[in-house]
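Encoded as structure tokens, the structure appears first; notes follow it.
Residue numbers (the numbering used here): -6 to 246.
Laid out in structure tokens, this is it:
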């Protein structure tokens, strides 16, 4: 079964949140044989979202289950603010993502110079401490793009499994799901988030997975999720996670 649980209806606030702009996402989902879709716009746009639209959209497309989520930037010192925003709506799930190390938005093209100015192993250490911190809050049943820090191709001096091992052990204890995010194949690193090596490590530690495209426009819905699913099978997975009413469900693949 194919799902896509990380879709941005308004991208980076470059279109209105209305039915006319949502319908192309569902039309694309139909062509990609997506059975469940999850809209999870960035939390910074929460105030311009009309989340009740998804009830109308579901009536138009009863054959595709529509989930309503939110992608939230995790900051260790903003738990109160994060809790407040995720309680404003009855979300099916929340994606916890790390795009910042302090004030540095490391996945921004405009700020990638930062990788050349810092010790790369320390960068990974700081990033992973935030990923683990997000998982341990209990606020995020789904962790976004586990190894986003590699976006521009900067890798740690140690191998990936060794670098991520302690973080994976801690994440395993939280019960969170990680996504296989195909958007990484379209970034400079040209690699799935997370890499095959990390997927195998997650499987070895019984960390559940789901599928996502991280689509910021309708034509990218479901992009390569079938490819990601095949990779998951290769690594040993037999189930993927889906969400509804704040509960995780598992389906056979």
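Backbone N, C-alpha and C fix where the C-beta goes; we use that ideal spot for every residue, glycine too.
Asked, Found
"Residue 75 versus residue 65 - alpha carbon distance", "7 Å"
"Burial state of residue 31 (16 or more Cβ within 10 Å)", "buried"
"C-beta neighbour in chain B for residue 179, strict 8 Å", "In the structure shown, chain B does not exist; there is a single protein chain."
"Alpha-carbon to alpha-carbon, residue 160 and residue 197", "13 Å"
"Cβ contact check for the region 75 to 92 and the region 126 to 137: 3 or more pairs under 8 Å", "yes"
"Chain-order list of residues whose beta-carbon lies under 6 Å from that of residue 69 (same chain, five-residue window excluded)", "126"
"Cβ-based burial, residue 56 [other Cβ within 10 Å; buried from 16]", "exposed"
"Any alpha helix (DSSP H) of 4 or more consecutive residues that is wholly inside the region 37 to 106", "46 to 53 and 72 to 79"
"Cutoff 6 Å; reference residue 192; Cβ partners in own chain excluding five residues on either side", "228"
"Residue range of the unbroken alpha helix (DSSP H) whose run includes residue 127", "113 to 129"
"Segment contact flag, the region 145 to 157 with the region 202 to 211, C-beta cutoff 8 Å, min 3 pairs", "no"
"C-beta atoms of residue 63 and residue 25 nearer than 8 Å", "no"
"Sufficient close CB pairs (3 or more, under 8 Å) joining the region 138 to 145 to the region 41 to 58", "no"
"Residue 4 - DSSP class collapsed to helix/strand/coil", "coil"
"DSSP three-state assignment for residue 250, whether helix, strand or coil", "Nothing about residue 250 can be reported from this structure: the residues present for the chain run from -6 to 246 only."
"Residue 131 beta carbon near the ligand GDP (any heavy atom closer than 7 Å)", "Judged by which ligands are present, the structure shown has none, so any question about the ligand GDP falls away."
"Nonlocal neighbours in the same chain, by C-beta distance under 6 Å from residue 82, ignoring five residues either side", "44"
"Backbone CA spacing between residue 1 and residue 73 [nearest angstrom]", "24 Å"
"Closest Cα partner of residue 241 within the set 170, 10 and 149", "170"
"C-beta atoms of residue 213 and residue 172 nearer than 8 Å", "no"
"Residues bridged to residue 186 [DSSP beta-bridge criterion]", "174"
"Every unbroken beta strand (DSSP E) within the region 190 to 221, with a cutoff of 3 residues, ordered by chain", "202 to 205"
"Check whether residue 238 and residue 49 have beta carbons under 8 Å apart", "no"
"Backbone secondary structure at residue 242 - three-state DSSP", "strand"
"First and last residue of the uninterrupted alpha helix (DSSP H) at residue 161", "153 to 165"
"Cβ-based burial, residue -1 [other Cβ within 10 Å; buried from 16]", "buried"
"Cβ-Cβ distance between residue 34 and residue 78 below 8 Å", "no"
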